[in-house]
Structures are given as C-alpha cells and as structure tokens.
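What follows is a single structure, written as structure tokens, with notes after it.
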Amino acid sequence: MPIKVAIVGLFPTVFSTRCKAVCDPAGVAGLRTLEAQLSEYPEVVRAGVKAVTDAVSELIRFFPDLQVELVHAMSLKGLALSVRHRLRSGTYAVFAGRAFALPHQLEELIETVEGALVDRS
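Heads up, the sequence shown stops at 436 in my numbering, and the numbers go up one at a time, no gaps.
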C-alpha cells in the first residue's frame, strides 16, 4: 500500500492542471506556464510558493515512492481537512492523522514518515 501525503493550501491555478511533471496540458492548450502565472503574484506569495515547492521536493527526495496529493484549501476536501485538523493560513502536509506546517515542520514530517515506514516493516 503506497504512502500518501496530502498537501493542503492555496495554490496558483496552474498547479491543478499539471500531471506529475511529465506533461504540461496547460502549455499545450496555450495557457500560461507556472512561471508566467507566478510572475504576477506579489513577491511574498512567490517566496511562499517556492518554500513549499522546495519542501515537497525534499520530501520526495527522501521518499521517492511517496504519493503527494495537492489539495486546494477551498475545495470540499480541503475545507474538510482544514476543519478536521484546524489548519490556519499557510500550507500544510497532512499525514497519519496529523498536520505539519510547511516548510517549518518538514523535519518532523520526515521523521513521522520514516516511523510509519519502520512500523510497516
């Protein structure tokens, strides 16, 4: 059974149109790329997106088989996770019934995933 982590937050629209970094349907359809869309955001938002992107990349580097699901905070699932885990503003990773603020609690998340892998063995 694969290990899954839900990343809950407010993401630029282009994130929802990308498929596993293998294809770019937005680009094929003539829509703007991630960089073009982010260039219109304030610097503080761009820095936040970069920090979260780096944190998720680091998580995947540690656990290549990890399944990451991006959940927009305003979606029905995002709202349910936000209420259940009392999420505040920002981006969170939800794993094993716990919420981890990204990028601040990345190390704690990595330790929790490692513990779950050891328990499965």
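Each residue gets a CB set at the ideal place from its N, CA and C atoms; glycine is no exception.
Just so you know, these numbers come straight off a predicted model, no measurement behind them.
When the five nearest sequence neighbours on each side are left out, the beta carbons in the same chain lying within less than 6 angstroms of the beta carbon of glycine 393 are those of Val323, Val386 and His387, in order along the chain.
Here phenylalanine 378 carries a coil assignment [DSSP, helix/strand/coil]. Threonine 427 is bridged by DSSP to nothing; it lacks a bridge partner.
A residue is called buried once 16 or more other Cβ atoms fall within 10 Å of its Cβ, and alanine 414 is buried on that count. Under the three-state reduction of DSSP, histidine 400 is assigned to helix.
DSSP, reduced to helix, strand and coil, places alanine 321 within a strand of the structure shown. For alanine 351, the secondary structure class from DSSP, reduced to helix, strand or coil, is helix. Nearest Cα to glutamine 382 within the set Leu391, Glu358 and Val371: Val371.
Distance from the CA of lysine 319 to the CA of leucine 325, rounded to the nearest whole angstrom, comes to 19 angstroms.
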